[in-house]
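One structure below.
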Amino acid sequence: MAFEIVWEPDGVLKRFSGTVPAEEFLRSVKQIQGDSRFDDVRYVINDFSDAHADRIGEDVLTELSALHYGAYASNPNCRIAFVSTDSAFAERAKRVLLSPDMMSYQIEFSPSVSEARDWLDSQPQLHLLSDVMGFRIR
Numbered sequence: 001m002a003f004e005i006v007w008e009p010d011g012v013l014k015r016f017s018g019t020v021p022a023e024e025f026l027r028s029v030k031q032i033q034g035d036s037r038f039d040d041v042r043y044v045i046n047d048f049s050d051a052h053a054d055r056i057g058e059d060v061l062t063e064l065s066a067l068h069y070g071a072y073a074s075n076p077n078c079r080i081a082f083v084s085t086d087s088a089f090a091e092r093a094k095r096v097l098l099s100p101d102m103m104s105y106q107i108e109f110s111p112s113v114s115e116a117r118d119w120l121d122s123q124p125q126l127h128l129l130s131d132v133m134g135f136r137i138r
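Each residue of the sequence shown is one higher than the last, beginning at 1 in this note's numbering.
Structure, rendered in structure tokens:
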């Protein structure tokens with residue numbers, strides 16, 4: 001398995017290792033978002049410190065963005081952090097995940113897990129209402 005999921009009191013840490021196949025990465029996202037605990041998490045940290053993300057291309061990131069968009073309806077109070085020193089991966093991910101048409105969650109890229117946690121700790125607590133039933137007025 002190319003990833004490990006650690007459920008923490010306020011969020012989730014996903015640790016990837018080796019070369020991460022696109023299917024494994026998306027499976028990790030679906031596994032977390034499909035868990036009933038996801039509705040209460042404040043963050044997800046995707047730790048690629050010990051991994052190669054070169055197989056995670058723009059098509060996979062577009063699918064990730066769609067998954068985020070759907071999950072945002074049930075938990076809009078989550079932030080997503082990516083930990084990687086791979087600048088090509090970070091640029092590719094930013095280009096897709098932060099584009100105005102695709103953006104849902106607040107996303108940050110950090111070179112270490114401790115810096116990702118510092119960013120998360122510096123953010124105000126979100127108190128947005130879920131739109132899972134589609135009742136929010138637009």
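By construction, the Cβ of each residue, glycine as well, lies at the ideal position given by its N, Cα and C atoms.
In this structure, DSSP gives valine 41 a state outside helix and strand, which the three-state scheme calls coil. Proximity of the region 45 to 56 to the region 77 to 86 meets the contact definition, three or more beta-carbon pairs being nearer than 8 Å. Residue Arg42 holds the alpha-carbon nearest to the alpha-carbon of serine 122 among Arg42, Ser99, Leu97, Glu91.
With 16 or more other Cβ atoms from the protein chains shown falling within 10 Å of its own Cβ, serine 28 counts as buried. C-alpha of isoleucine 107 to C-alpha of aspartate 118: approximately 14 Å in a straight line. Here the alpha carbon of arginine 79 sits roughly 24 Å from the alpha carbon of arginine 55.
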